[in-house]
Amino acid sequence: FIQGGPLSSLVFFIGTFVHVGLVAAVLVFLWLHNMRISRPLIHAPKELAIWFGIILLAISIYKPAVSTPPADLTALVGKSPMDWFFLWPFPLTDAYSLSASTVFMTATGGFLLFVSVPWLIPGPSPKPDSLGAVVDVTKVDLSACTGCTQCVKACPFEAIHIKPRSDGRDYEVEVEIYKERCAKCGLCLPACPFPALSMGSWSNEYLMKRVDDLFPNGGAGKTLVLSCERAGVKDEIYKEAENAVLLSLPCAGIIGTKTIKEGMKLGLDGIVVVSCVPEDGHYRLAKRKMDLTRLEISHLEGVRMVAALASRPRKILDEISEAQAEFAGMKK
189 FIQGGPLSSL
199 VFFIGTFVHV
209 GLVAAVLVFL
219 WLHNMRISRP
229 LIHAPKELAI
239 WFGIILLAIS
249 IYKPAVSTPP
259 ADLTALVGKS
269 PMDWFFLWPF
279 PLTDAYSLSA
289 STVFMTATGG
299 FLLFVSVPWL
309 IPGPSPKPDS
319 LGAVVDVTKV
329 DLSACTGCTQ
339 CVKACPFEAI
349 HIKPRSDGRD
359 YEVEVEIYKE
369 RCAKCGLCLP
379 ACPFPALSMG
389 SWSNEYLMKR
399 VDDLFPNGGA
409 GKTLVLSCER
419 AGVKDEIYKE
429 AENAVLLSLP
439 CAGIIGTKTI
449 KEGMKLGLDG
459 IVVVSCVPED
469 GHYRLAKRKM
479 DLTRLEISHL
489 EGVRMVAALA
499 SRPRKILDEI
509 SEAQAEFAGM
519 KK
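If you read the sequence shown in our numbering, its first letter stands for residue 189, the second for the next number, and so on.
Below, the structure is given as structure tokens:
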């Protein structure tokens with residue numbers, strides 16, 4: 189590609205080293221990023237990949253990237269085409285009389301500010317419910333644990349591990365919680381078929397008791413709204429919904445089939461589950477858990493899933509009203 193003089197083998201060695209080294213570094217960082225999560229997703233969703241492919245193809249057709257003429261090291265270049273992707277700092281140094289170090293530090297600071305946004309703008313944190321129930325790291329009650337490992341499969345963060353039985357009971361294994369890895373998402377709670385797991389005050393039994401306590405005289409004519417706190421929707425919004433009783437949850441992923449069936453036994457008109465937007469849940473695999481719950485309760489009438497949009501609370505209320513109208517039509 190270059191004319192006008194030979195190049196030493198060192199140039200090709202450096203080029204090869206950089207190409208291989210960068211790929212290896214990316215793989216190492218990818219491994220570090222995924223080593224503490226289960227079933228990592230490293231590929232974009234199919235629909236997103238297709239649309240990005242179409243957009244890139246259209247851009248390449250409209251303005252193709254062409255090669256410049258071969259370099260001639262013996263010629264003095266009077267005018268050189270500008271590669272804005274790599275050489276964007278140079279116009280800044282000329283226009284504002286900035287030194288290279290200033291441009292470099294500014295770009296580095298901007299990049300660090302960009303990647304730190306998730307920590308600068310924290311999301312809503314779980315708060316005690318009306319009865320003072322708090323969210324804490326998941327704990328295991330070995331007296332109720334049979335070592336079925338269902339919670340291990342449900343955990344998105346590799347926080348639950350299997351180890352040999354330590355209490356002498358007639359089971360081969362038990363589970364252990366790695367506290368430093370637990371994100372307090374609660375996805376393990378509905379996965380446990382026994383009362384062996386609790387997340388602070390929250391457990392399957394506590395959740396079903398809360399549902400029962402909300403309707404001491406039965407749920408006829410009422411709609412139970414199970415809302416995820418992590419979705420960022422304020423509880424006050426739901427006060428505008430008629431005949432709706434709210435129960436805020438640390439995460440919609442703690443809702444299991446038992447909770448839904450327990451609510452329907454109370455004679456409710458229906459149940460509306462308000463969760464995070466699909467593919468944008470606060471916790472990993474929460475949407476997958478909700479999809480499984482939807483499949484498990486698909487044979488039940490009177491259940492509606494709603495995606496929460498904190499910026500459009502009126503849309504949530506409209507969907508609750510539509511669900512209530514649908515529930516009323518089922519009873520006719």
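C-beta atoms are modelled at their ideal positions from N, C-alpha and C, and glycine is treated no differently.
A quick note: this is a predicted structure, and the numbers were derived from the prediction, not measured.
Which one of A342, C343, V361 has the shortest CA to CA distance from I350? For this step, residue 350 is matched to residue 162 along the sequence shown. That would be V361, whose Cα lies nearest to the Cα of I350.
Which class does I230 belong to by DSSP, given the choice of helix, strand or coil? Here the question's residue 230 lines up with position 42 in the sequence shown. DSSP places I230 in coil when its eight states are reduced to three.
Cβ-based neighbour list, S287, same chain, cut-off 8 Å, excluding 5 preceding and 5 following: Within the sequence shown, the letter at position 99 stands for residue 287. Result list for S287: T281, in chain order.
Using the C-alpha atoms, what's the distance from I247 back to P378? As a position in the sequence shown, residue 378 is number 190, starting the count at 1. As a position in the sequence shown, residue 247 is number 59, starting the count at 1. Taking the straight line from one Cα to the other gives about 47 Å.
Length of the line joining the Cα atoms of T204 and A237: Numbered from its first residue, the sequence shown carries residue 204 at position 16. Numbered from its first residue, the sequence shown carries residue 237 at position 49. Straight-line Cα distance between these residues: approximately 30 Å.
Assumed close pair M161, T326 - CB separation to whole angstroms, cut-off 8 Å: Nothing about residue 161 can be reported from this structure: the residues present for the chain run from 189 to 520 only.
Bridge partners for K351 per DSSP, in chain order? Start at 1 with the first residue of the sequence shown, and residue 351 comes out as number 163. Answer is E362.
What separation, rounded to the nearest whole angstrom, lies between the Cα atoms of E428 and G420? Locating residue 428 in the sequence shown gives position 240, counting from the first residue. Locating residue 420 in the sequence shown gives position 232, counting from the first residue. Each residue's Cα considered, the two are about 17 Å apart.
Going by CA-CA distance only, name the one from P306, F299, E507, R224 that's closest to K367. Residue mapping note: residue 367 aligns to position 179 of the sequence shown, counting from 1. Of the candidates P306, F299, E507, R224, the one whose C-alpha sits nearest the C-alpha of K367 is R224.
Under 7 Å Cβ to Cβ from L245, same chain only, skipping five residues before and after it: list those, please. Here residue 245 is taken as the residue at index 57 of the sequence shown, counted from 1. Answer for L245: no residue qualifies.
C549 - containing beta strand (DSSP E), residue span: The structure shown has nothing for residue 549, since the chain only spans 189 to 520.
Expressed to the nearest angstrom, what Euclidean distance is found between the alpha-carbon atoms of V399 and L229? Taking the sequence shown and counting its residues from 1, the one referred to as residue 399 is at position 211. Taking the sequence shown and counting its residues from 1, the one referred to as residue 229 is at position 41. V399 and L229: Cα-Cα distance of roughly 35 Å.
Mind reading off the beta-carbon distance from Y394 to A321? Whole number of angstroms is fine, and I expect it under 8 Å. Taking the sequence shown and counting its residues from 1, one reaches residue 394 at position 206. Taking the sequence shown and counting its residues from 1, one reaches residue 321 at position 133. Correct: roughly 7 Å between the Cβ atoms.
Ignoring anything shorter than 3 residues or poking outside the stretch 434-472, list the beta strand (DSSP E) runs there in chain order. Taking 3 residues as the shortest admissible run, the stretch 434-472 contains the following complete beta strand (DSSP E) segments, listed from N- to C-terminal end: 458-463.
Proximity test, V433 beta-carbon vs the ligand MG heavy atom, cut-off 7 Å: Looking at this structure, you won't find the ligand MG or any other ligand, since it has none at all.
When you compare only the Cα positions, how much space is there between D329 and D401? Here the question's residue 329 lines up with position 141 in the sequence shown. Here the question's residue 401 lines up with position 213 in the sequence shown. Cα to Cα, D329 sits roughly 25 Å from D401.
What three-state label does DSSP hand S391 in the structure shown? By 1-based counting over the sequence shown, the position of residue 391 is 203. S391 falls in the coil class under three-state DSSP.
Determine whether the beta carbon atoms of L435 and L412 lie at a separation below 8 Å. Taking the first residue of the sequence shown as 1, we reach residue 435 at position 247. Taking the first residue of the sequence shown as 1, we reach residue 412 at position 224. Their beta carbons are under 8 Å apart, which means L435 touches L412 by this criterion.
Measure the Cβ-Cβ separation of L497 and I504 and say whether it is below 8 Å. Taking the first residue of the sequence shown as position 1, residue 497 is located at position 309. Taking the first residue of the sequence shown as position 1, residue 504 is located at position 316. Yes, Cβ-Cβ distance for L497 and I504 is below 8 Å.
Exposure label - Q191; buried when at least 16 CB within 10 Å: Reading the sequence shown from its first residue, position 3 is the one you call residue 191. Low confidence applies here, because Q191 scores a pLDDT of 46, under 50, leaving its location unreliable; read the following figure in that light. Q191 comes out exposed.
So, are the CB atoms of C380 and R418 less than 8 Å apart? The residue labelled residue 380 in the question sits at position 192 within the sequence shown. The residue labelled residue 418 in the question sits at position 230 within the sequence shown. The answer is no: Cβ separation not under 8 Å.
For L456, is the classification buried or exposed, using 16 other Cβ atoms within 10 angstroms of its Cβ as the cut-off for buried? Stepping through the sequence shown from its first residue, residue 456 is reached at position 268. L456 comes out buried.
If you follow the alpha helix (DSSP H) that T326 is part of, which residue opens it and which one closes it? Indexing the sequence shown from 1 puts residue 326 at position 138. Taken as a continuous stretch (DSSP letters only), T326 belongs to no alpha helix (DSSP H), being part of the beta strand (DSSP E) at 326-328.
From the DSSP output, read off the bridge partner residues of V254. Start at 1 with the first residue of the sequence shown, and residue 254 comes out as number 66. Note: V254 sits in no beta bridge, so no partner.
Across which residues does DSSP place V323 in a beta bridge pair? Residue numbering aside, residue 323 sits at position 135 when the sequence shown is read from its first letter. Answer is none; V323 lacks a bridge partner.
Three-state secondary structure (DSSP) of Q191: As a working note, residue 191 is residue 3 in the sequence shown. Summary for Q191: the model assigns pLDDT 46, below 50, so the residue's position carries little reliability; its value from the coordinates is reported in the next sentence. In this structure, Q191 counts as strand in the three-state DSSP scheme.
Rounding to the nearest angstrom, what Cα-Cα distance links N392 and A332 in this structure? For the purposes of this step, residue 392 is identified with residue 204 of the sequence shown, where counting begins at 1. For the purposes of this step, residue 332 is identified with residue 144 of the sequence shown, where counting begins at 1. If you take the alpha carbons of N392 and A332, they lie about 13 Å apart.
Opening and closing residue of the beta strand (DSSP E) in which V494 lies: In the sequence shown, the residue the question calls residue 494 occupies position 306. Boundaries of the beta strand (DSSP E) around V494: 491-495.
Comparing alpha-carbon positions, which option in P466, C370, S196 lies nearest S226? On the sequence shown, residue 226 is found 38 positions in, with the first residue counted as 1. Comparing Cα-Cα distances from S226 to each of P466, C370, S196, the minimum goes to C370.
Which residue comes first and which comes last in the alpha helix (DSSP H) that contains G203? Your numbering for residue 203 matches position 15 in the sequence shown. Note, G203: alpha helix (DSSP H), 197-222.
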